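Just below is one structure, and these are the notes that go with it.
There are 2 protein chains.
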Amino acid sequence: MRFVAEIGKLKGVLRQTELAGPGLARPENSAEHSWHLAVMALVLAEHAPAGADLGKVTAMVLLHDLVEIDAGDLFLYADAQEQERQEVAERAAADRIFAILPSDQGMQARLLWNEFMQRRTKEAKFARALDRLQPMLENLTAGGGTWQRHGITADQVLAKVELIEDGSQTLGALARELVGEAVAMGILAPAPA
Amino acid sequence: MRFVAEIGKLKGVLRQTELAGPGLARPENSAEHSWHLAVMALVLAEHAPAGADLGKVTAMVLLHDLVEIDAGDLFLYADAQEQERQEVAERAAADRIFAILPSDQGMQARLLWNEFMQRRTKEAKFARALDRLQPMLENLTAGGGTWQRHGITADQVLAKVELIEDGSQTLGALARELVGEAVAMGILAPAPA
């Protein structure tokens with residue numbers, strides 16, 4: 009119960025992603041982002057690697073951002089030094105937060121988070137692909153979102169699409185198409201000449 | 009993909025529940041509420057009825073509030089007439105929203121939602137118990153929350169606890185304890201004499 013109360017704090021962790029739509033026009037928080045990924049894991053299950061355990065994928069995406077309660081969210085396009093600092097902060101957060109659970113459950117949750125971060129198993133690859141695809145969809149809905157705000161160009165987005173392809177060929181292909189559409193719509197700048 | 013974009017609107021559906029904590033002090037939305045329930049389904053699995061399919065419970069809680077995109081959220085203590093109007097609106101919403109999915113998936117999601125609403129299977133009973141327990145925990149965190157704002161008394165909360173007991177004896181017993189604690193703390197008014 010202490011864990012259930014603690015994780016509520018994730019609703020207060022803001023992401024870079026800007027939401028659009030009725031009653032929105034505000035930054036997304038990491039709790040509702042995690043919900044969106046979990047529903048995607050349900051409805052896009054057919055795009056997961058053959059034999060992937062979808063229940064495990066769902067558990068991974070539900071828990072993957074809890075470390076941000078302490079570490080905050082880092083922008084996908086942050087530099088290597090910032091990313092390194094973030095990793096250290098997230099490991100410390102995982103130590104604290106998963107330890108609130110009874111020890112066997114805490115261990116299980118920690119292993120699941122480690123697996124997500126290491127991105128070696130098919131479940132982790134698919135979960136990471138969803139985590140990368142979802143903000144692209146939000147940027148499309150928002151007419152540019154973080155791409156515009158941070159001056160991101162199509163080549164930078166395409167470099168990030170490789171991780172989606174690694175988790176799902178079909179979702180990776182879709183993401184490539186979306187980048188093309190975004191450029192055609194004028195909401196994502198093309199690669200500099 | 010159209011479904012994935014559509015469901016993002018749930019982040020804009022506000023509930024009565026008032027959140028508290030760092031960066032919060034705002035109404036909860038139905039997307040982050042659904043995420044909270046899904047994590048509860050993971051970590052409170054041992055309190056589910058014997059033999060319950062936890063994957064199904066998780067899917068149910070992830071999808072259960074999508075109808076609120078059209079129908080909005082109704083306060084738990086609304087009167088019978090309002091609840092009846094809400095049911096009609098939610099069925100119409102389910103017709104529209106689940107039909108965005110490919111037909112086999114849409115059918116599956118609709119059956120899952122029907123099952124949740126009818127509360128006959130052990131999965132539905134447990135999912136509904138979580139859905140009722142979570143706002144109690146938020147009210148405790150917020151120092152009274154909707155109980156105070158709407159002048160709810162302990163007997164009214166206890167009447168709602170029966171549904172938790174029906175899904176989980178142990179979580180029901182916990183909820184009863186929490187009501188007692190809330191009264192002792194002075195954040196929930198006792199039953200009128």
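Quick note, the sequences are listed as chains A and B, same order.
Residue numbers for the first sequence, in this note's numbering: 9 to 201.
Residue numbers for the second sequence, in this note's numbering: 9 to 201.
We put the CB at the ideal spot given by N, CA and C, even for glycine.
Predicted, not measured: the structure shown is a model, and the values here were computed from it.
Which residues in the same chain have their Cβ closer than 7 Å to the Cβ of residue i, if we skip the five residues on either side of it in sequence?
| i | result |
| --- | --- |
| Val21(B) | Asn37, Ser38, Glu76, Ile77, Gly80, Asp81 |
| Leu164(B) | Rather than Leu, the amino acid found at residue 164(B) in this sequence is Gln. Excluding sequence neighbours, Gln164(B) sits near Tyr85. |
| Ile55(B) | In the sequence as presented, Ile is not what sits at residue 55(B); that position holds His. Cβ neighbours of His55(B) beyond the five flanking positions: Ser176, Thr178, Leu179. |
| Arg140(B) | Lys168, Leu171, Ile172 |
| Ala117(A) | Leu71, Phe106, Leu109 |
So if DSSP puts residue i in a beta bridge, which residue, or which two residues, is it bridged to?
| i | result |
| --- | --- |
| Asn147(A) | Its beta-bridge partners do not exist; DSSP assigns none. |
| Pro35(A) | Glu26(A) |
Taking the beta carbon of residue i as the centre, do at least 16 other beta carbons fall within 10 Å, making it buried, or is it exposed?
| i | result |
| --- | --- |
| His41(B) | buried |
| Asp73(B) | buried |
| Ser176(B) | buried |
| Val96(B) | exposed |
| Asn147(A) | buried |
| His189(A) | Residue 189(A) is actually Glu in this sequence, not His. Classification for Glu189(A): exposed. |
| Leu50(A) | buried |
| Arg93(B) | exposed |
| Gln89(B) | exposed |
| Glu26(A) | buried |
| His44(A) | buried |
| Ala132(A) | buried |
Who are the Cβ neighbours of residue i in its own chain at under 8 Å, not counting the five residues just before and after it?
| i | result |
| --- | --- |
| Gly8(A) | Chain A is shown only over 9 to 201; residue 8(A) falls outside these bounds and no answer can be derived. |
| Glu14(A) | Ile77, Ile105, Ile108 |
The beta strand (DSSP E) with residue i in it runs from where to where?
| i | result |
| --- | --- |
| Thr25(B) | 22-26 |
Output the boundary residues of the alpha helix (DSSP H) element that contains residue i.
| i | result |
| --- | --- |
| Val169(A) | 162-175 |
| Leu62(A) | 62-71 |
| Val12(A) | 10-15 |
| Ala86(B) | Ala86(B) -> no alpha helix (DSSP H), and no H or E assigned at all. |
| Ala197(A) | Neither: Ala197(A) is in no alpha helix (DSSP H) and is coded neither H nor E. |
| Asp78(B) | 76-79 |
| Gly153(B) | 153-157 |
(message) Quick check for students: name the residue ranges of the alpha helix (DSSP H) that lie wholly in the stretch 88-143 of chain B, counting only runs of 4 or more.
(response) 88-106, 111-126
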